[in-house]
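Peer 1: The structure under discussion is supplied below as structure tokens; questions concerning it will follow.
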Amino acid sequence: MNYENILTASQNGITTITINRPSKLNALNKATIEELHSAFDTANKDKNTKVIIVTGSGEKAFVAGADISEFANFSVENGGKLAAKGQELLFDFVENLSTPVIAAVNGFALGGGLELAMACHFRVASDNAKMGLPEVSLGVIPGYGGTQRLPQLVGKGRAMELVMTAGMIDAQTALNYGLVNHVVAQDELLPLAEKIAGKIMRNSSVAISKAIKAINANYKDGVDGFKVEIDQFGDCFGTEDFKEGTTAFLEKRKADFPGK
1 MNYENILTAS QNGITTITIN RPSKLNALNK ATIEELHSAF DTANKDKNTK
51 VIIVTGSGEK AFVAGADISE FANFSVENGG KLAAKGQELL FDFVENLSTP
101 VIAAVNGFAL GGGLELAMAC HFRVASDNAK MGLPEVSLGV IPGYGGTQRL
151 PQLVGKGRAM ELVMTAGMID AQTALNYGLV NHVVAQDELL PLAEKIAGKI
201 MRNSSVAISK AIKAINANYK DGVDGFKVEI DQFGDCFGTE DFKEGTTAFL
251 EKRKADFPGK
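Residue numbers (this note's numbering): 1 to 260.
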């Protein structure tokens, strides 16, 4: 599929989605969010895609924020609809994908950009990356899940400070906070993400999808994560991947998982 604002490429089990609006520092507008939804959905349904990597084009920005010009004149009702639709189409959608999603943060990840990175299953960053939620400096708050996912990742106190000050942190601080898993030089960023993806792909994609569901359940109000884990664990026993994994172990050979 041809997109105006993003690029997609699939190779060796990895689909890489690149947000490609360099003149706008890859800012998220309505069209880009819709295209990202389509690209993530397509990759998730592709039996050959085992891992998705999302990154930004160029060397300056992953996503420098939302496109403010689109909503500067919105009403209360329109503002609420903007947040609800965006969360449904992209941020919650990515978090709940059954295919692992790695954010390769290659520069500024601000506002909606950091919210997209936080919706991914984990994050790696280049050493020039800067992250923050500056929304209160515009008289609004993060609306794409930032007030929920940031404290889950870094703790309530640090999240409160970052949101209230509208400040930015560098990659090393993000690593210290647990916001990102690894920091490397920019030219090593995608190779690192691909290396981690390779390690993921050795394992059962069916089991990984169930693990994602179980881990996410811990962060959903009114959901018993332990019960979800028990159910997903039990379901594994009825899969071809379980049969292959246990047989390979007992036969002392490498498992060849059927996959999605």
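We put the CB at the ideal spot given by N, CA and C, even for glycine.
Starting from ARG21, trace the alpha helix (DSSP H) both ways and give me its first and last residue.
Peer 2: Within the sequence shown, the letter at position 21 stands for residue 21. Premise fails: ARG21 is in no alpha helix (DSSP H) and is neither H nor E.
Peer 1: May I ask you to report which of helix, strand or coil DSSP gives VAL228?
Peer 2: Working through the sequence shown from its first residue, we reach residue 228 at position 228. In the structure shown, VAL228 sits in a helix (DSSP, three-state: H, G or I).
Peer 1: Figure out for me which residue from PHE91, GLY167, GLU95 has the closest Cα to the Cα of THR32.
Peer 2: Locating residue 32 in the sequence shown gives position 32, counting from the first residue. Closest option to THR32, Cα to Cα, is PHE91.
Peer 1: Measuring alpha carbon to alpha carbon, tell me which residue in GLN11, ILE19, ALA39 is nearest MET1.
Peer 2: Taking the sequence shown and counting its residues from 1, one reaches residue 1 at position 1. Among GLN11, ILE19, ALA39, the Cα nearest to that of MET1 is on ALA39.
Peer 1: Just to confirm the assignment, what range does the beta strand (DSSP E) spanning MET164 have?
Peer 2: Start at 1 with the first residue of the sequence shown, and residue 164 comes out as number 164. Run containing MET164: none in the beta strand (DSSP E); it sits in the alpha helix (DSSP H), 156–165.
Peer 1: Under 8 Å between the Cβ atoms of GLY139 and GLY65?
Peer 2: Working through the sequence shown from its first residue, we reach residue 139 at position 139. Working through the sequence shown from its first residue, we reach residue 65 at position 65. No, Cβ-Cβ distance for GLY139 and GLY65 is not below 8 Å.
Peer 1: Can you pull the DSSP bridge partners for THR8?
Peer 2: Here residue 8 refers to the residue found at position 8 when the sequence shown is read from its first residue. ILE17.
Peer 1: Please name the residue in LYS60, ALA72, ASN73, ILE14 whose C-alpha comes closest to that of LYS50.
Peer 2: Numbered from 1 along the sequence shown, position 50 holds the residue referred to as residue 50. Taking only the C-alpha atoms, the option nearest LYS50 is ILE14.
Peer 1: Which first and last residues belong to the beta strand (DSSP E) in which ALA125 is found?
Peer 2: The count along the sequence shown starts at 1 and reaches residue 125 at position 125. That run of the beta strand (DSSP E) goes 122–126.
Peer 1: Could you tell me the distance, in whole angstroms, from the CA atom of ASN181 to the CA atom of LYS130?
Peer 2: To locate residue 181, count along the sequence shown from 1; it is residue 181. To locate residue 130, count along the sequence shown from 1; it is residue 130. If you take the alpha carbons of ASN181 and LYS130, they lie about 15 Å apart.
Peer 1: Since THR55 and LEU179 are thought to touch, with beta carbons under 8 Å apart, how far apart are those beta carbons, to the nearest angstrom?
Peer 2: As a position in the sequence shown, residue 55 is number 55, starting the count at 1. As a position in the sequence shown, residue 179 is number 179, starting the count at 1. Not really, about 16 Å apart at Cβ, beyond 8 Å.
Peer 1: Decide if THR247 is buried, meaning its Cβ has at least 16 other Cβ atoms within 10 Å, or exposed.
Peer 2: Here residue 247 is taken as the residue at index 247 of the sequence shown, counted from 1. Under this definition THR247 is an exposed residue.
Peer 1: Check ILE200 in the structure and name its three-state DSSP category.
Peer 2: If you number the sequence shown from 1, residue 200 lands on position 200. The answer is helix: DSSP assigns ILE200 an H, G or I state.
Peer 1: Cutting at 7 Å between CB atoms, please list the residues of its own chain near LEU192, excluding the five before and the five after it.
Peer 2: Here residue 192 refers to the residue found at position 192 when the sequence shown is read from its first residue. Correct list, in chain order: VAL124, HIS182, VAL184.
Peer 1: GLU188: which of GLY132, LEU116, ASN106, LYS243 sits nearest, CA to CA?
Peer 2: One-based indexing of the sequence shown puts residue 188 at position 188. The residue with the shortest Cα to Cα distance from GLU188 is ASN106.
Peer 1: Under 8 Å, do GLY86 and LEU114 count as touching if we go by C-beta distance?
Peer 2: In the sequence shown, residue 86 corresponds to position 86, counting from 1. In the sequence shown, residue 114 corresponds to position 114, counting from 1. No; because the gap between Cβ atoms is not below 8 Å, this pair is not in contact.
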